[in-house]
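Each residue of the sequence shown is one higher than the one before, starting from 61 at the first, in our numbering. Reading through the structure tokens given below for one structure.
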Amino acid sequence: MEIDANTRAIGESHSKLILLGEHAVVYGKPAIAMPFPLKVRCIVEETIGHVMLNSIVYTGVVDHMPREMQGIAACMKETLNYLGKPLENLSISIDSCIPLGRGLGSSAAVAIAMVRALFAFYGKELSKEELFSLVQISETYAHGNPSGIDMVSEASDCPVWFEKGKEVLPLKSTAPLFIAVADTGRMADTRTAVDNVKKRYAANPEKVEQSLEKIDHMANKAKAALLKGDIQCLGELLNDNQQELMKLGVSDEGLNGLVQRALKAGALGAKLTGGGMGGCMLALGKNMEHAKLIAKELREYGASNSWYFSTDSDMLYGVYE
Ligand code: MEV
């Protein structure tokens, strides 16, 4: 057997949060997203025979991967094809802390980690353009018509200003953000949520366009607030964004309940994050202690999981009770 690779390579990525602008971003409006320090690691090793995948969802030969992993399978095949390597003699292990289907971008994060690991395994440099075009294959399976914001924010180490088809701008807040995140415990079907907004748009274009315009305006104000470190103003914009997401029909009772509970705990603002219709919400705290308190109250209220962190550190804390 010809060996022209390292015998083991590792690729990593992290999760993401959309601070403001999800759904509107699919229609070309701006959005702000940031890294969320839940990590995924992919290990590629040399073996003999069929490509084997080891993951929490599926362990076995690549050809029999389940339907929900077809995007990853397609991305893997295309990456190997791009590298000019055969689909054999590899063992690919995925170890992810990102809960699946919760609007935290697990599909893009897994694809990023895998593409990075495969390139590293074959000792090839990977450009951002190559990474994004390969990961987009998997994202198209997962979301149908992805804006690309998930993979861009997951490949970034700082918050980003994202507009479909335009240059991505790093967006450093002048003040750290203290964020609590809570999981409804229900799978968020981003593809269905995106399709529902599309149907709403077709049925009532003026009304939906009005919401999208408002979100566009909010994103611009949020960018200015971040650059000024005006966290109070940012919180109000998160609340306004949640109102528009409710009008677009992508929030639900579980998410609304968690949002209300966070506000009751004194959050400066709270909203769903990601596709909605299940999945996660986020809340802005005044400081780390406050973010911790909000995360704790959200867990007591019924969130299946909650976390808190600050954007000036890579540390993520969970509430385990
Ligand atoms: C999903 O994380 C964000 C959405 O705006 C879809 C997308 O941008 O592809 C709902």
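Heads up, the beta-carbon is just placed ideally off N, CA and C, and yes, glycines get one too.
- In chain order, 175, 178 and 194 place their CB closer than 7 Å to the CB of residue 139, counting only its own chain and leaving out the 5 sequence neighbours on each side.
- In this structure, the beta-carbon distance from residue 192 to residue 209 does not fall below 9 Å.
- According to the DSSP assignment, residue 312 belongs to no alpha helix (DSSP H), since it is labelled neither H nor E.
- Under the rule that a run must span 3 or more residues, the beta strand (DSSP E) segments found entirely inside the stretch 74-109 read 91-106.
- For residue 331, the enclosing beta strand (DSSP E) has its first and last residue at 329-333.
- Within the DSSP bridge table, the entry for residue 366 names 242 as partners.
- Rounded to the nearest whole angstrom, the C-alpha separation of residue 220 and residue 85 is 13 Å.
- Sequence-distant Cβ neighbours of residue 323 in its own chain, meaning closer than 6 Å and more than five residues away, are 330.
- Following the DSSP letters along the chain, one finds residue 345 in no alpha helix (DSSP H) but inside the beta strand (DSSP E) bounded by residues 340-345.
- Beta-bridge annotation (DSSP): residue 377 is paired with 368.
- Looking at the DSSP output, residue 71 bridges to 102.
- Pairing residue 123 with residue 165, the inter-Cα distance amounts to about 24 Å.
- The criterion of a C-beta distance shorter than 9 Å is not satisfied by residue 114 and residue 73.
- A straight-line Cα-Cα distance of about 15 Å links residue 339 and residue 98.
- In the DSSP secondary-structure assignment, residue 264 is not bridged to any residue.
- Remark: the shortest separation between the CB of residue 197 and any heavy atom of ligand 1 does not fall under 8 Å.
- If you compare the alpha carbons of 151, 249, 370 and 132 with that of residue 291, the shortest gap goes to 370.
- If you draw a 10 Å sphere on the C-beta of residue 278, you find 16 or more other C-beta atoms in it, and that means buried.
- CA-CA distance, residue 375 to residue 147, rounds to 37 Å.
- Sequence-distant partners of residue 379 (beyond 5 residues in either direction) whose C-beta falls short of 6 Å from its own C-beta, in its chain, are 355, 356, 359 and 366.
- Sorting 82, 67, 76 and 77 by C-alpha distance to the C-alpha of residue 253 places 82 at the top.
- Between the beta-carbon of residue 107 and that of residue 149 there is about 6 Å, and that keeps the pair under the 8 Å contact cut.
- In this structure, residue 142 keeps its C-beta atom at 9 Å or more from the C-beta atom of residue 129.
- Counting C-beta pairs closer than 8 Å gives fewer than three between the stretch 258-271 and the stretch 232-250, which falls short of the contact rule.
- Bridge pairing for residue 119: 114 [DSSP].
- With a contact defined as Cβ atoms closer than 8 Å, residue 131 and residue 75 miss out at about 17 Å.
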